[in-house]
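**Student:** Protein sequences, first through last, are from chains A and B.
All the letters of the first sequence, read from the start, carry residue numbers 1 to 301 under the working numbering.
All the letters of the second sequence, read from the start, carry residue numbers 1001 to 1301 under the working numbering.
Protein chains: 2
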Amino acid sequence: MSLLVTGSIGIDTVKTPFGVSKDCLGGSAVYFSMAASFFTPVRFLGAIGADCPFDLKKVFKKRPVDFAGLEVRYESKTFRWAGSYQGAMNEATTDAVELNVLAESPPKIPEEYKDSKFVFLANTAPILQIQLLEQLNNAKFVAADTMNLWIKNNLADLKRLLKKIDCLILNETEARMLANEHNLITAAGKITKSGPSVVVIKKGESGSIIRQKNGDLFVLPAYPAMLVKDPTGAGDSFAGGFMGYLAGSKKTDFATLKKAVAYGTVVASFTIADFSLKGLTKTTRRDIDKRLKELGKLIKF
Amino acid sequence: MSLLVTGSIGIDTVKTPFGVSKDCLGGSAVYFSMAASFFTPVRFLGAIGADCPFDLKKVFKKRPVDFAGLEVRYESKTFRWAGSYQGAMNEATTDAVELNVLAESPPKIPEEYKDSKFVFLANTAPILQIQLLEQLNNAKFVAADTMNLWIKNNLADLKRLLKKIDCLILNETEARMLANEHNLITAAGKITKSGPSVVVIKKGESGSIIRQKNGDLFVLPAYPAMLVKDPTGAGDSFAGGFMGYLAGSKKTDFATLKKAVAYGTVVASFTIADFSLKGLTKTTRRDIDKRLKELGKLIKF
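(1) Taking beta-carbon pairs under 7 Å, can you tell me which members of the region 178–201 of chain A lie near chain B?
(2) If you follow the alpha helix (DSSP H) that D1157/B is in, where does it begin and where does it stop?
(3) With distances taken between CB atoms, is the gap from N229/A to F18/A smaller than 8 Å?
(4) Where does F1018/B sit, in a helix, a strand or coil, going by DSSP?
(5) Helix, strand or coil for Q1212/B, going by three-state DSSP, please let me know.
(6) Grouping DSSP H, G and I as helix and E and B as strand, with all else coil, what is L1170/B?
(7) For K114/A, count neighbouring Cβ atoms within 10 angstroms of its own Cβ and tell me buried if that reaches 16, exposed if not.
(8) By alpha-carbon positions, which one of K15/A, G189/A, K57/A ends up nearest to D216/A?
(9) Cβ of I9/A within 8 Å of Cβ of I48/A?
(10) DSSP on L277/A, reduced to helix/strand/coil?
(11) Expressed to the nearest angstrom, what Euclidean distance is found between the alpha-carbon atoms of T146/A and I288/A?
(12) Out of V1065/B, Y1031/B, L1056/B, which one is the CA nearest neighbour of S1002/B?
(13) Can a CB atom of chain B be found closer than 8 Å to the CB of M226/A?
(14) Anything in chain A within Cβ reach of F1242/B, meaning under 8 Å, just list it in chain order.
(15) Under three-state DSSP, which class holds S1269/B?
(16) Taking G1262/B as the query, report the chain A residues whose CB atoms sit under 9 Å from its CB, ordered along the chain.
(17) Decide yes or no for the touch test of the region 1248–1255 of chain B against the region 208–215 of chain A: beta carbon pairs closer than 8 Å, at least 3 of them.
(18) Find the nearest neighbour of A1234/B within the set A1139/B, T1078/B, T1186/B, V1030/B, judged by alpha-carbon distance.
(19) Let me see if you follow: with CB-CB separation under 8 Å, is F218/A close to chain B or not?
(20) Indicate whether K1159/B and I1130/B have their beta-carbon atoms separated by less than 8 Å.
(21) So, helix, strand or coil for D1085/B, using DSSP?
(22) Closest to E205/A by C-alpha separation, out of L292/A, L4/A, E111/A, A225/A, would be which residue?
(23) Out of A179/A, L292/A, A68/A, A35/A, which has the shortest C-alpha to C-alpha gap to L45/A?
(24) Do you know how far the Cα of G1240/B is from the Cα of F1032/B?
(25) Taking only beta carbons into account, state which residues of the region 64–91 of chain A come closer than 8 Å to chain B, listed in chain order.
(26) Looking at D315/A: is its Cβ nearer than 8 Å to the Cβ of A143/A?
(27) Given this structure, state the Cα-to-Cα distance separating I1127/B from A1082/B, to the nearest angstrom.
(28) Would you mind working out which of L257/A, T283/A, Y223/A, A92/A sits nearest I169/A, comparing C-alpha positions?
(29) Do you know offhand how far L246/A's Cα is from I1151/B's?
(30) Determine the burial state of P1053/B: buried for a count of at least 16 other Cβ atoms within 10 Å of its Cβ, exposed for fewer.
(31) According to DSSP, is L121/A helix, strand or coil?
(32) Leaving out the 5 sequence neighbours to the left and right, which residues in its chain are closer than 7 Å to Y1223/B when beta-carbon positions are compared?
(33) Could you tell me whether the Cβ atoms of R1073/B and V1097/B are closer together than 8 Å?
(34) Would you say V261/A and L298/A are within 8 Å of each other, going by their C-beta atoms?
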């Protein structure tokens, strides 16, 4: 089924103990689309400035990603992010950020995207996420990401958004903050009570938790990756694998949601093995399925 | 098979967001023995002072724990620890500690303990762990715990110990420190190369990792506990469930090790549900087996 993503396209500069990747392609919509494209066609919605050095259609060549929703704004500049990771590389330090095109009005949804059934709203101001949703006619399963900034400064908007979506995907710090609760299982339960029927909590190298409003629970460790060169995009790749698998399956029952979490986990493990999109672009669906099986074996007792 | 544990008996005062437990029974050997006693008989080795207000034989009534190795030192005082947990309760802050009997010579091993096949050396100075091992004749599987203090200050002793044991159980911070490596899977591999054929890394609410020298790997999330009142003793209960299950099974092949990790995980989840030993003492083997099954289901996709 149709999967729409809206999010950022970024010019990233990333520093990790394994090296520096200067002015490379990044952004939530980019990682998401690459990850989701293993499972289903993707409708891409995002904006870049005239300075964007990447030909996205070329980068996504042979992948089922529709760029009808890619706006090139010749008066604007592309979003830029510079970040670095130290030590266990669990968290990025933002060294510099230029919002540029992200500070402008969001891209317009092409008519042919408006019937999208599966929708992923990557992290941005919740009011923009709401405005985007209002332009869609018939979404079946909407997932959104968010961050500490909005929980702190735009909680009223975020609460409105929560009532309009089916699934919230966020990290453990954000989940604790949003639910005002330290225990993650309880936090996930509290969040489902405020709107979404499903909450997915990403715990980085410690895996993830998914909880449904009815209490159904699933916990999964991360794939035990020995090679982690650059964690940038892991969360968006996870979301891409997750939503891509759901849209491809055309189902959102709990068994499918669990398998989608497992696919998200595995896809993210390929992302972090190299800088920028290199980890994902050299991966095949066969590699992903093989690693999924391996993960299933690794946790079996 | 016979399982020997040596470690501390403590008078603990613990403060968590759920309340204060003053002068309650604690200590690594105590938590370990209670946890292991669900699976196999335990030989207890430890020392207390004249001030010890607990009748251990009464506390362990009807449990297969042999106290022939409990030394009561009438001139000494019992080990005391006061600690507190905040927020997510992932780490204890030590508010006060009185080593007392732990600063003296270690307890003597009774003759009838010397043929013990499974041995757990709870955290103490590695030189004492080595001395203890030297008194045993015929151990089949020796596991030891350690801590940052010894890694920092007594690394040479610790390295000697590693060559004499089969399994090192430690937490993620300690594993990173000992291996001088951030990636936990790689760290576990490095540690197995320095001696033990098995390394178990405890990650608290994020579960655990077990790795064998041959590269065999198993990862397990923690049981998703909604009620965590007091994490004290979780690590020693984990070790108790782990070693108890191995000794009870009389096997240490990888399939048995994996199941032992799962049992350790489940037993620890009962420990943290209440203060001191209350969580464990009200638990039955049937409860443990039931939760083990539940954990197996919770991670299945």
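Where a beta carbon is used, it is the ideal one built from N, C-alpha and C, also for glycine.
**Tutor:** Reading off the structure:
(1) H182, N183, I185, T186
(2) 1155–1162
(3) It should be noted that the sequence gives Lys, not Asn, for residue 229/A. Going by C-beta atoms, K229/A is nearer than 8 Å to F18/A.
(4) The three-state reading of DSSP puts F1018/B in coil, since its state is none of H, G, I, E or B.
(5) strand
(6) strand
(7) So K114/A ends up on the exposed side.
(8) G189/A
(9) yes
(10) coil
(11) 27 Å
(12) Comparing Cα-Cα distances from S1002/B to each of V1065/B, Y1031/B, L1056/B, the minimum goes to V1065/B.
(13) yes
(14) Chain A residues near F1242/B: none, gap ~12 Å exceeds 8 Å.
(15) helix
(16) One detail in the question is off: residue 1262/B reads as Ala in this sequence, not Gly. Those within 9 Å of A1262/B in chain A are F301.
(17) Two segments are said to touch when three or more pairs of C-beta atoms, one from each, lie closer than 8 Å; by this definition the region 1248–1255 of chain B does not touch the region 208–215 of chain A.
(18) V1030/B
(19) yes
(20) no
(21) Before going further, note that residue 1085/B is Tyr rather than Asp in the sequence given. Of the three classes helix, strand and coil, the one that applies to Y1085/B here is strand, per DSSP.
(22) A225/A
(23) A68/A
(24) 4 Å
(25) G87, A88, M89
(26) Only positions 1 to 301 of chain A appear in this structure, which leaves residue 315/A out of reach.
(27) 25 Å
(28) L257/A
(29) Taking the straight line from one Cα to the other gives about 47 Å.
(30) exposed
(31) strand
(32) T1265, V1266, S1269, R1291, L1295
(33) no
(34) Taking 8 Å as the cut-off, the Cβ atoms of V261/A and L298/A do not count as close.
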